[in-house]
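Engineer:
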Amino acid sequence: MPPSRARDYSRGMHAMETLKYLLIPLRGASIVLIVLFSFLLLLAGRGGLMGLPLALIVVSWFFKYGFALLDKVADGVNEPPVLSYEMVNPANESRPLGLVAVVGLFYLLTGLLQPTLGAEAVTSLRAIGLLLVPAIVMTQVMDGFFESLNPLKLLQIVVRVPGSYLLILALLAGAWWLAAALVTWLPMAELPFAISIPMPDMVRVMILMYAWLASFAMIGGVLYVRRAELGFEPSHTPERAAAKEERERQREIDQLIDRIFAEWRGGAYGNAWRTIERHLSSSPRPSEELQVLFQRASQWPDQRLAHRLAQELIPHLLAARRTGDALNVARAQLKADVKFKPLKGEDTIKLIELARDAGDRRVARLLLAGFDERYEDDVTRRIAGQLAQQLER
22 MPPSRARDYS RGMHAMETLK YLLIPLRGAS IVLIVLFSFL LLLAGRGGLM GLPLALIVVS
82 WFFKYGFALL DKVADGVNEP PVLSYEMVNP ANESRPLGLV AVVGLFYLLT GLLQPTLGAE
142 AVTSLRAIGL LLVPAIVMTQ VMDGFFESLN PLKLLQIVVR VPGSYLLILA LLAGAWWLAA
202 ALVTWLPMAE LPFAISIPMP DMVRVMILMY AWLASFAMIG GVLYVRRAEL GFEPSHTPER
262 AAAKEERERQ REIDQLIDRI FAEWRGGAYG NAWRTIERHL SSSPRPSEEL QVLFQRASQW
322 PDQRLAHRLA QELIPHLLAA RRTGDALNVA RAQLKADVKF KPLKGEDTIK LIELARDAGD
382 RRVARLLLAG FDERYEDDVT RRIAGQLAQQ LER
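In case it helps, my numbering puts the sequence shown at residues 22 to 414.
As structure tokens, this is what we get:
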């Protein structure tokens, strides 16, 4: 597949992957909040001026919850949050007000241009600005309020994730259409146990609230899935988890090396080797651990432990078909001690053949030296004799 087509395919797959975030507002606390807030908002609407404070509280809390949901998803958590005091506290969450400020400022500025550009041009500018609202939200999450005022920053986001961005806009447009259509389709019955609230109005508000939260969930999903393209660093990613695991693994290795070194320096060679065996037997990746131990021990002045670890490591490398690494380990040990040999004759034969094929006859001959005295297997002795004859030619 050509690189350009591969990139397009990858972008399409990333865009489709964000569709799963549409289900997040339909789970747990989010769906309960949608139903409750829809009812409270319509109830406030029936109360006239008396219901205005309730309407303001519901709308404020709802928009703040949308940003809380976005933050959760953008950080790699696919469960909706529960509404809490920290979320609705104005001191802790000012981004909804910032979003309203940006949209309001844009509306006023375009209104000032109407005498010069005309009503149709201003309407077109406002439509374009409306399409950039998801980009404004993304920028506020990544870089803060002031960066969301930069049109170039907003356009960069759209260009970097065009497929995912179109999905967000399609979701919003589809939700508005569905909400309007259901008002016509549903019967004009009132909700049971409700105070004169028609069912179509309740369903419409619920759909619009879901669409808003689903859009925020998708925005968070786009930030998480396309984090590399957008330069965003979530709190929970496979890369961070792997880095944390690697740090913990390195800390464990450091502690193990300190213990082994103390035992080895004190002359308790058997204890040091038993410590290594216990660690490898409990490790999920013994080959990798063995290689790390070998690399650390190779830096010690006393190379005896490194030789012993190399003898254990070479069979693992050969079994994993890392033949070049196995040969390099043997070369390094032969450089320190020309009498170095693997534990098994068949592994030595394999290394001799690898060295021969690589044109390194010196290493092949060093591994062959004293073969009969080291190994008792007649088959490997016979093969070693044949290899010795080949190397003499």
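All C-beta atoms, glycine included, are put in the ideal place defined by N, C-alpha and C. Owing to the predicted nature of the structure, the values given are computational and were not obtained by experimental measurement.
#1: My understanding is that Ala376 touches Leu388, with C-beta atoms under 8 Å, so please give their C-beta distance in whole angstroms.
#2: Quick one: Cα of Leu54 to Cα of Gly72, how far?
#3: Measure from the alpha carbon of Glu107 to the alpha carbon of each residue in Asn99, Arg295, Ala89, then state which is nearest.
#4: Taking its Cβ as the centre, do 16 or more other Cβ atoms sit within 10 Å of Leu175, making it buried, or is it exposed?
#5: Which residue marks the beginning of the alpha helix (DSSP H) containing Arg317, and which one marks its end?
#6: Is it buried or exposed, Gln332, if we count other Cβ atoms within 10 angstroms and call 16 or more buried?
#7: Quick test of your reading: Trp233 and Gly119, contact by CB under 8 Å. State the CB separation rounded to the nearest angstrom.
#8: Does the Cβ of Ile149 have 16 or more other Cβ atoms within 10 Å, making it buried, or fewer, making it exposed?
#9: Count the CB pairs spanning the region 366 to 375 and the region 398 to 409 that are closer than 8 Å, and state whether there are at least three.
#10: Are the region 58 to 74 and the region 217 to 228 touching, with three or more C-beta to C-beta distances below 8 Å?
#11: Have a look at Val124 and Val154 and give me their C-alpha separation to the nearest angstrom.
#12: Under DSSP, the alpha helix (DSSP H) around Gly87 begins and ends at which residues?
#13: Return the CA-CA distance between Gly132 and Pro101, expressed in angstroms with no decimal places.
#14: Taking Gln316 as the reference, give the member of Leu334, Arg181, Trp294 with the closest Cα.
#15: Does DSSP put Leu134 in a helix, a strand or coil?
#16: Tell me which residues share the same chain as Arg329 and place their Cβ nearer than 8 Å to its Cβ, disregarding the 5 neighbours each side in the sequence.
#17: Taking just the CA atoms, how far does Val359 sit from Asn349?
#18: Taking 9 Å as the cut-off, decide whether the C-beta atoms of Tyr290 and Val94 are in contact.
#19: Quick one: Cα of Thr160 to Cα of Ala76, how far?
#20: What's the gap between the Cα of Gln320 and the Cα of Leu314?
#21: Between Ala385 and Ile373, which are expected to be in contact by the criterion C-beta below 8 Å, what is the C-beta distance as a whole number of angstroms?
#22: Would you kindly work out how many angstroms separate the C-alpha atoms of Tyr425 and Glu267, rounded to a whole number?
#23: Do you know offhand how far Arg343's Cα is from Arg306's?
#24: Between the Cα of Leu47 and the Cα atoms of Tyr231, Asp164, Val243, which residue gives the shortest distance?
#25: Give every residue of the same chain whose Cβ lies closer than 8 Å to the Cβ of Gly66, excluding the five residues on either side of it in the sequence, and list them in chain order.
Structural biologist: With the structure as the only source:
#1: 7 Å
#2: 19 Å
#3: Ala89
#4: buried
#5: 307 to 318
#6: buried
#7: Actually they are not in contact, since the Cβ atoms of Trp233 and Gly119 sit about 16 Å apart, beyond 8 Å.
#8: exposed
#9: yes
#10: yes
#11: 8 Å
#12: 73 to 95
#13: 38 Å
#14: Leu334
#15: coil
#16: Trp294
#17: 14 Å
#18: no
#19: 28 Å
#20: 10 Å
#21: 5 Å
#22: Past the boundaries of the shown model lies residue 425; the chain is included only from 22 to 414, so the question cannot be answered.
#23: 16 Å
#24: Tyr231
#25: Gly72, Ala76
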